[in-house]
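Okay, so the sequence shown: first residue is 0 according to numbering that gives the first Met the number 0, each after it adds one. By construction, the Cβ of each residue, glycine as well, lies at the ideal position given by its N, Cα and C atoms. Please read these numbers as outputs of a predicted model, since none were measured by experiment. Comments concern the structure below.
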Amino acid sequence: MINKKFDYKILIEEPRLLMDVKLKPTQGDRFQPTGFPEIGAAEFQRPDGTRMVLVESAQSMANRLESTIIGADGYNVIESLKGISYIVSELSADGELKFTSSLIEAHRMNSPYIISDKNFREELKKEASYFKGQPMNWKKVAKAVFKYDVNSLIHGVFMANLEDGRLKLPRILSSFIEAENIREVSTGGVKNNPIDPTGKLRTNEITKDVYGNVPYHRTEFTAESINAYFNIDTSLLKSYELGENETKLVFFLCMLKIRKFLDSSLRLRTACDLMVDSNIVFNIEKDEYVEFPEEKEIMEILSDLIKKCEHSFSTPPVTKLQVKAKWKKEGEKPNNSEENIDKENEDDTLEDE
């Protein structure tokens, strides 16, 4: 095994950068993978018959990587990353004020709480040279997204609510966690009612069937190995031609998210508490690895890059919007003619990126 020192100039020339980090349960051997309604755990088999299970999906990992840079208020970035671009929306509904941002919205910049702002919508279309019925200039699109929300560039965005819905950028950074050679562990328990196990004693306010003793079952797993996979698509990143410092900033921001995630408490769920069980390195070729810098080193580089990229971000870097909203009344049906963001595009549908 050959370990090489980290060198950005060499790594950025790779078509993609891959990482395979071994994990293990913090205590014991059992863990609970992600589950989906009406499906349960996402089990599958390799062509050789090895039983596998998806521990964490690409969608969920994107959310977890995004959350590594969110500050204490829940919608702004951490103090050390102030200066990067993102969008904050102030929602006013019936006298109430609520705040959200492109950092936490499920569809990032495509959130209705963001893209419904007409001035921002028109400015974004202008910056991206994006107009209905005209060819897309993806380099301009990428630069426009970088300007307003660099994280939408990293994690991907589908602007279904903008013009004719063709603005769609795939993830530069993707990740998932899988477990290999799995075995089920069937367990269970009982939710006890110490007052009335039969469930006949009920309050006037809550009528749902949540009373009495309720037995339940749980399926956990053991595995020969658990691996977290990360992929930085450097080919895609370079194709945008953002500029030398801008490309470098996106690259190191991807690295920061990976490092902060792996250095954190990897308790993905109550019964899925994991820890790193291998060196954190880039896998370049067979038996050839490159060191992965510590968070402090990455942060020092990013601090310098944020200053150098100041001219490529919006001014100020945090775009603040004021959006009028309303609480939907019980039984009220959506009024498409009133609520539609772009009346020329009534057939647009919202998809998850």
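Asked: Relative to the alpha-carbon of R29, which residue among K199, E290, L168 and D272 has its alpha-carbon at the smallest distance?; Found: D272
Asked: By Cβ distance, which residues of its chain are closer than 7 angstroms to L236, with the 5 residues on each side in sequence left out?; Found: I171, T246, V249 and F250
Asked: On the DSSP bridge assignment, give the partners of Y215 in chain order.; Found: G188
Asked: Am I right that L16 and T233 are in contact with their C-beta atoms under 8 angstroms? What's the rounded C-beta distance?; Found: 6 angstroms
Asked: What is the DSSP secondary structure of N118, reduced to helix, strand or coil?; Found: helix
Asked: With H, G and I counted as helix, E and B as strand and the rest as coil, what does DSSP make of I77?; Found: coil
Asked: Taking the alpha-carbon positions, what's the Y7 to F291 distance?; Found: 11 angstroms
Asked: Figure out for me which residue from I181, S128 and S100 has the closest Cα to the Cα of P32.; Found: I181
Asked: Can we count N282 as close to the ligand GTP, meaning its CB is less than 6 angstroms from some heavy atom?; Found: The ligand GTP is not among the ligands present in this structure, which contains no ligands whatsoever.
Asked: For L22, which of I283, E37, L261 and Y288 has the nearest alpha-carbon?; Found: L261
Asked: When burial is assigned at 16 or more other CB atoms within 10 Å of the CB, is S238 buried or exposed?; Found: exposed
Asked: Quick check on the burial criterion: 16 or more other C-beta atoms within 10 angstroms. Buried or exposed for E12?; Found: exposed
Asked: One question on the structure: do D47 and W326 come within less than 7 angstroms of each other, judged by their Cβ atoms?; Found: no
Asked: Whose C-beta lies closer than 8 angstroms to the C-beta of V322 among residues of the same chain, with five residues either side of it excluded?; Found: S88, E89, L90, S91, Y112, I113, S115 and D116
Asked: For the beta strand (DSSP E) containing C271, name the first residue and the last one.; Found: C271 to V275
Asked: Leaving out five residues on either side along the sequence, give the residues of the same chain with a beta carbon under 8 angstroms from the beta carbon of M298.; Found: S79 and L255
Asked: With distances taken Cα to Cα, identify the nearest neighbour of P134 among M108, E162 and R120.; Found: E162
Asked: Taking the C-alpha atoms as reference points, what is the distance between T218 and G187?; Found: 8 angstroms
Asked: Indicate whether the contact test is met: 3 or more Cβ pairs, each with one atom in the region 189-205 and one in the region 63-81, closer than 8 angstroms.; Found: no
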